Amino acid sequence: MSISKDDILNAIAEMSVMDVVELVEAMEEKFGVSAAAAVAVAGGDAGGAAEEQTEFDVILTGFGDKKVAVIKAVRGATGLGLKEAKELVEGAPKALKEGVDKAEAEELKKSLEEAGASVEIK
Numbered sequence: 040m041s042i043s044k045d046d047i048l049n050a051i052a053e054m055s056v057m058d059v060v061e062l063v064e065a066m067e068e069k070f071g072v073s074a075a076a077a078v079a080v081a082g083g084d085a086g087g088a089a090e091e092q093t094e095f096d097v098i099l100t101g102f103g104d105k106k107v108a109v110i111k112a113v114r115g116a117t118g119l120g121l122k123e124a125k126e127l128v129e130g131a132p133k134a135l136k137e138g139v140d141k142a143e144a145e146e147l148k149k150s151l152e153e154a155g156a157s158v159e160i161k
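My numbering runs 39 ahead of the 1-based position in the sequence shown.
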């Protein structure tokens, strides 16, 4: 006699939560696996765990009403000349720095926002 998957699922649906937890634990013990490991092996995303991003792009999205202060901040952060920094600020949205680590991206964002800019990190 063979039991179908639907029969098993219907039986589980009638169980209490505690009974299901005990069933999972018993299956893990019997077969020497864990449910979390099975999801990982199957290629599932158990809780949104993805590879952590290590490189970030800092994007100037706007300069607000403090254009001169933002230009100065951009010059300080990038080493650009006055003309190039002004063109970059006026051309927003533009990437200021690409492929930087998280700490540098956060620091750059903070300094530009203090000057009055709108900044995104991607």
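C-beta: ideal position from N, C-alpha, C; glycine also.
Just so you know, these numbers come straight off a predicted model, no measurement behind them.
* Limits of the beta strand (DSSP E) - the one that Gly115 falls within -> If you number the sequence shown from 1, residue 115 lands on position 76. Gly115 -> not in any beta strand (DSSP E); alpha helix (DSSP H) instead, spanning Lys106 to Thr117.
* Asked: To which residues of the same chain is Leu147 closer than 8 angstroms at the C-beta, ignoring the five residues directly before and after it?
  -> Translated into positions along the sequence shown, residue 147 becomes position 108. Counting only Cβ-Cβ distances below 8 angstroms, and skipping sequence neighbours, we find Val97, Ala116, Leu135, Lys136, Val139 and Val158.
* Euclidean distance between Cα positions of Ser41 and Glu90 -> By one-based count along the sequence shown, residue 41 stands at place 2. By one-based count along the sequence shown, residue 90 stands at place 51. Going by the C-alpha atoms only, they are around 42 angstroms apart.
* What are the residues that DSSP puts in a beta bridge with Val158? -> Residue mapping note: residue 158 aligns to position 119 of the sequence shown, counting from 1. Leu99.
* Report the option in Met54, Glu145, Ile47 and Lys149 whose CA atom is closest to the CA atom of Glu94. => Your numbering for residue 94 matches position 55 in the sequence shown. Nearest of Met54, Glu145, Ile47 and Lys149 to Glu94, Cα basis: Glu145.
* Quick one: is Phe102 buried, meaning 16 or more other Cβ sit within 10 Å of its Cβ, or exposed? -> Residue 102 sits at position 63 when you count from the first residue of the sequence shown. Buried, by the Cβ-count rule.
* Asked: Any idea what DSSP makes of Val72, helix, strand or coil?
  -> One-based indexing of the sequence shown puts residue 72 at position 33. Correct three-state label for Val72: coil.
* Three-way DSSP call (helix, strand, coil) for Gly120 in this model -> Position 81 of the sequence shown, counted from the first residue, corresponds to residue 120. Of the three classes helix, strand and coil, the one that applies to Gly120 here is coil, per DSSP.
* Given a cut-off of 7 angstroms, decide if Thr100 and Ala50 are closer than it, judged by their beta-carbon atoms. => As a first step, residue 50 is located in the sequence shown; it is residue number 11 there, counting from the start. As a first step, residue 100 is located in the sequence shown; it is residue number 61 there, counting from the start. When the beta-carbon positions are compared, Ala50 and Thr100 stay at least 7 angstroms from each other.
* Rounded Cβ spacing between Leu127 and Val107 (contact assumed at less than 8 angstroms) -> Here residue 127 corresponds to residue number 88 of the sequence shown, with the count starting at 1. Here residue 107 corresponds to residue number 68 of the sequence shown, with the count starting at 1. Actually they are not in contact, since the Cβ atoms of Leu127 and Val107 sit about 14 angstroms apart, beyond 8 angstroms.
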